[in-house]
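Notes to accompany the following structure.
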Amino acid sequence: MTNAREVVRQRIGRLGERLIGKVADADAQVEKELMKEMEIAFQEFGIEARILSVSGVKTDEMNCLEIPLKVRSEKDVFLKDE
110 MTNAREVVRQ
120 RIGRLGERLI
130 GKVADADAQV
140 EKELMKEMEI
150 AFQEFGIEAR
160 ILSVSGVKTD
170 EMNCLEIPLK
180 VRSEKDVFLK
190 DE
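Using our numbering, you'd call the opening residue of the sequence shown number 110 and step up by one each time.
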């Protein structure tokens, strides 16, 4: 999301945006509302779904999706010489 603050400002005004900015993340607020709207739309069309909000996923300047992974451990496996 690139304009979450603007959306919040339009919905609740500048003062509300300042207050929400102190208490909650504007992106999270917009995502929450978007998920509610998606849920309603899916229900109207009879669609069962799981909606996820995921942090860390972004696009680069070439519009390629970047998904960072946290590697907890790593192990190299080699064939045994016989």
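Ideal placement from N, C-alpha and C gives every residue a C-beta, glycine not left out.
Keep in mind the model is a prediction, meaning the values are calculated, not measured.
Tell me whether the beta-carbon of Met-144 lies closer than 8 Å to the beta-carbon of Ser-162. yes
Could you give the distance in angstroms between the alpha-carbon of Ala-137 and the alpha-carbon of Asp-190? Answer to the nearest angstrom: the Cα atoms are 54 Å apart.
What separation, rounded to the nearest whole angstrom, lies between the Cα atoms of Lys-167 and Ile-149? When the Cα atoms are used, Lys-167 and Ile-149 turn out to be separated by approximately 26 Å.
Distance check for Asp-185 and Lys-141, CA to CA, integer angstroms please. The straight-line gap separating the alpha-carbon atoms of Lys-141 and Asp-185 is approximately 41 Å.
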